[in-house]
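Participant: One structure is given below, represented as structure tokens, and several questions about it will come after.
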Amino acid sequence: MSNTTVELTRPSVQAKRTPGKLAILWREVKKHKVSYFFLAPFLLLFTLFTIIPVITSFALSFTYYNMIESPKFIGWSNYKLLFVDDDIFLKAIANTLKFAVITGPVGYIMAFLLAWLISQIPVKYRFIYTLCFYTPAITSSIAISVVWLYMFSGDRYGLINYWSMKLGILNEPWLWLQNIKTIMPVLIIVSLWMSMGIGFLAFLAGLQNVPRDYYEAGAIDGVKNRFQELWYITIPSVKPQLLFGAVMQVVSSLQVFDISIQLLGMPSVLYAGHTVMTHLFDYAFIRFEMGYATAIAVVLFLMMVGLNRVIFRLLGSGE
Amino acid sequence: MIGTSSIVKGKRFDFSGLFLYTFLTALGLLMLAPLVYMFSSALKPTSELFLFPPRFFVVNPTLKNFKDLLLATGTSIVPFSRYIFNSIVVSSFIVVGSIIIAAMAAYPLSKHDMPFKRFIFNMILLALMFAPQVTQIPQFIVIKELGLINTYAALIIPALAAPVSLFLMKQFLDQIPNALLEATRIDGGNEWTTFWKVVMPMLKPAWATLALFSFISAWNDPWSANIYTTTEDMKTLPLALQTLSGGYGVVARTGTVAAASFLMVVPTILVFVITQRMVLETMAHSGIKE
């Protein structure tokens, strides 16, 4: 503020300085060249593998490109094709949203509540519970799919079919992974099992560090039970972690991929487990229609960033 | 130790506490069940693997499945140990590399005051908002143009600059007071020696955290090997496991697959057990404060 007023009151100096603005900036940059030197390795790789790819994606999504011939500009055709003619893509979007609408909020709330419950017990017991809930999240989905394939196996040898039939819930084996009624629920259950990830750890750490005097002050101010305490004291104190966890949750719910391919195959029966990511992978690395595939990537990118902007508005401190 | 229940209570028996432990224990066991089943399958002899009705725990544990995995599959083009070796090489380089690169970048972003600082950090925040998979196609083109297909570099380099690593490192460094850095600054030392002798040791909990996260994502990732390599001897463990299990619909070789899965999962758990204390210390500062 004060800088502008100074400059405004001295127009002659301002006029003389204007051409020098870039020069000043350059001098500042040169003065801090050590800082940029430290940043260089990261920025170089980040530019090469994140920034340039994002920009290239937008450009390529307007082309026909098959990796052999050079890209040919075709305007909005890819997008038109995607949203008008590609029924499977629309199905993939619907599946991804259905999946995300459930696993996103449920996984998020579950992670927070479990972290909160763990923070209520003495420190010495916390680790063992943390390990129980976090381990599924760090388990390779390829490795654990052996177990799921066996549990949800469609014949009467499958664990779930065996017990359901024994207990009289089912009369004959149910094809869990082939019947379109159960494909999505199975995908959701398996994903929820793995959803106590980085967000869960962030919550856990945040909750352990809420200063004790906040609670003591709260008790004096008339906070009566643990739920009031949770609502009025705990949640506001861990808001930054809640935002971080939400961002991670949005990204992971929209990128569902590994489990779908691993459990349901590619393509899944009647595309019932087909997601935006599997569609992308199909066009990119099986059909090598890179232009079309990047259009899918751009749509997914916009979905993730758009949703996260909303999350920021809802949970951000707004400062 | 002070009781952690935050509302001051009398001495009477705590029923809600009992309920809390029962609930957490039951849910915890349920969450672990699939993993326990996998571990017990890896130790099952053939006679127990195909029992009907299925049995959850192993009765006569054996290491035969592991032997089969390491010896019998050796008759195929490359021995299974090659995949393990590849995975170890790739993951170690990613872990060490991304820790150094993220720490170096976090230092000026947190403690220096240079032009574009805010802009760079905002870009990192933006990059947190989407999955790296979204940029896979141009990344593939970059790797191909650099002539890195079928090299370890292709599997390592793209994973080195993860935005989440830099973010966590920077947030952790932010809460270390500048005064502490100044106090320990070595007289006459330049920024480079300050970084290695003063800053790096203070970042230890953050290293441990990045070690955990980058190890897990590198170790569990089948897709870079799937996309960037074409030869059998460059495959990593998860990709080999995928081929071995045949994925969807294949039940054969259950024992060896369970043994391979076991080898996949155990290192991630070990790394978490080793790093957990420091990880929680770091994650306390993971919040996004705008």
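As given, the protein sequences belong to chains A and B, one line each in that order. Under the working numbering, the letters of the first sequence match residues 81 to 399, in that order. Under the working numbering, the letters of the second sequence match residues 448 to 737, in that order. Glycine included, C-beta positions come from ideal geometry on N, C-alpha and C. Note that the structure is a prediction, hence the values are computed from the model and not measured.
1) In the DSSP assignment, find the alpha helix (DSSP H) that holds Y159(A) and state where it starts and stops.
2) For Q622(B), does the count of other Cβ atoms within 10 angstroms reach 16, so buried, or fall short, so exposed?
3) Throw me the rounded Cβ distance for the A731(B) and N289(A) pair, which I believe falls under 8 Å.
4) In chain order, what residues of the same chain lie with their CB nearer than 6 Å to the CB of Y144(A), ignoring the 5 residues before and after it?
5) Where do the N-terminal and C-terminal ends of the alpha helix (DSSP H) with T493(B) fall, by residue?
6) Starting from K171(A), trace the alpha helix (DSSP H) both ways and give me its first and last residue.
7) Please return the same chain residues whose Cβ sits closer than 7 Å to the Cβ of S692(B), not counting the five positions on each side in sequence.
8) Cutting at 6 Å between CB atoms, please list the residues of its own chain near S661(B), excluding the five before and the five after it.
9) Are any of the Cβ atoms in chain B nearer than 8 Å to that of A195(A)?
10) Can you tell me whether K564(B) is helix, strand or coil according to DSSP?
11) Does T183(A) come within less than 8 Å of chain B when only Cβ atoms are used?
12) Within 10 Å of its beta-carbon, does P605(B) have 16 or more other beta-carbons around it, so buried, or fewer, so exposed?
13) Return the CA-CA distance between P669(B) and Y351(A), expressed in angstroms with no decimal places.
14) Which residue spans inside the segment 542-586 of chain B form an unbroken alpha helix (DSSP H) run of at least 4?
15) Mind checking if S115(A) is an interface residue toward chain B, Cβ cutoff 8 Å exclusive?
16) What's the gap between the Cα of P508(B) and the Cα of R502(B)?
17) List the residues of chain A whose Cβ lies closer than 8 Å to the Cβ of A705(B), in chain order.
18) Using a C-beta to C-beta distance shorter than 8 Å, which residues of chain A count as neighbours of A672(B)?
19) Out of curiosity, what's the CA-to-CA distance linking G234(A) and I263(A)?
20) Which first and last residues belong to the alpha helix (DSSP H) in which Y116(A) is found?
21) What is the DSSP secondary structure of F662(B), counted as helix, strand or coil?
22) Could you tell me which residues DSSP puts in a beta bridge with T143(A)?
23) Starting from T215(A), find everything on chain B with Cβ-Cβ shorter than 9 Å and list it in chain order.
24) Can you give the beta carbon distance from A672(B) to L688(B), rounded, assuming they're within the 8 Å contact cut?
25) What does the Cβ neighbour count give for N414(B), buried or exposed, with the cut at 16 atoms within 10 Å?
26) Cα-Cα, which of P579(B), M561(B) and F614(B) is closest to V114(A)?
27) Using 10 angstroms around the beta-carbon of R206(A), count the other beta-carbons present and answer buried if the total reaches 16, otherwise exposed.
28) Is it right to say L472(B) is buried, meaning 16 or more other beta carbons lie within 10 angstroms of its own, or is it exposed?
29) Can you tell me the Cβ-Cβ gap for M681(B) and N625(B), rounded? I've got them flagged as a contact below 8 Å.
30) Do we get a CB-CB distance below 8 Å when we pair S733(B) with the residues of chain A?
31) Would you kindly work out how many angstroms separate the C-alpha atoms of P316(A) and N512(B), rounded to a whole number?
32) How close, in whole Å, do the beta carbons of P481(B) and I268(A) come, if the pair is a contact with beta carbons under 8 Å?
33) Determine the contact status of V356(A) and A172(A), defining contact as a CB-CB distance below 8 Å.
34) At which residue ranges does the segment 186-269 of chain A contain complete alpha helix (DSSP H) runs of 4 or more residues, listed in the order of the chain?
35) Measuring straight from C-alpha to C-alpha, what distance separates Y484(B) and W256(A)?
36) Flag L128(A) as yes if its beta-carbon sits less than 8 Å from any beta-carbon of chain B, otherwise no.
Facilitator: Concretely, from the data shown:
1) Start and end: S157 to K160.
2) Exposed is the label assigned to Q622(B), since fewer than 16 other Cβ atoms lie within 10 Å of its Cβ.
3) The pair is a contact, with the Cβ atoms about 5 Å apart (cut-off 8 Å).
4) Same-chain partners within the cutoff: K152, I154 and G371.
5) It spans T493 to L496 - the alpha helix (DSSP H) in which T493(B) sits, taken as one unbroken run.
6) Its alpha helix (DSSP H) spans residues D167 to S199.
7) The residues are V704.
8) Taken in chain order, the residues that qualify are I541, V542 and S545.
9) It does not; no Cβ of chain B falls within 8 Å.
10) Note: K564(B) maps to helix in three-state DSSP.
11) Taking Cβ atoms only, chain B never reaches closer than 8 Å to T183(A), which makes this a no.
12) Under this definition P605(B) is a buried residue.
13) Rounded to whole angstroms, P669(B) to Y351(A) spans 23 Å at the Cα level.
14) The DSSP assignment places complete alpha helix (DSSP H) segments of no fewer than 4 residues inside the segment 542-586 of chain B at 564-575, in order along the chain.
15) Chain B contact via Cβ: present.
16) Looking at the two C-alpha atoms, the distance is approximately 13 Å.
17) Simply V226.
18) What A672(B) touches in chain A, judged by beta-carbon distance under 8 Å, is nothing: the nearest beta carbon there is about 12 Å away.
19) Rounded to whole angstroms, G234(A) to I263(A) spans 12 Å at the Cα level.
20) That run of the alpha helix (DSSP H) goes K113 to F126.
21) The DSSP-derived three-state label of F662(B) is helix.
22) Note: T143(A) sits in a beta bridge opposite F153(A).
23) Taking the beta carbon of T215(A) as reference, the chain B residues within 9 Å of it are M478, L479, L482, V712, T715, I716 and F719, listed in sequence order.
24) No, A672(B) and L688(B) are not in contact; Cβ-Cβ is about 11 Å, not under 8 Å.
25) Missing from the structure shown is residue 414(B); chain B here goes from 448 to 737 and no further.
26) Proximity to V114(A) across P579(B), M561(B) and F614(B) peaks at M561(B), based on C-alpha coordinates.
27) Counting Cβ neighbours within 10 Å, R206(A) comes out buried, since at least 16 surround it.
28) It should be pointed out that residue 472(B) corresponds to Thr in this sequence rather than to Leu. Under a 10 Å Cβ-count criterion, T472(B) is classified as exposed, with fewer than 16 other Cβ atoms of the shown protein chains found around its own Cβ.
29) So it is not a contact: roughly 46 Å between Cβ atoms.
30) Judged by the 8 Å Cβ criterion, S733(B) is in contact with chain A.
31) Spanning the alpha carbons of P316(A) and N512(B) requires a straight line of approximately 51 Å.
32) The pair is not a contact, with the Cβ atoms about 16 Å apart (cut-off 8 Å).
33) It is a contact, given that the beta carbons lie within the stated cut-off.
34) Complete alpha helix (DSSP H) runs here, min 4: 203-218, 221-231 and 239-246.
35) Y484(B) and W256(A): Cα-Cα distance of roughly 19 Å.
36) Judged by the 8 Å Cβ criterion, L128(A) is in contact with chain B.
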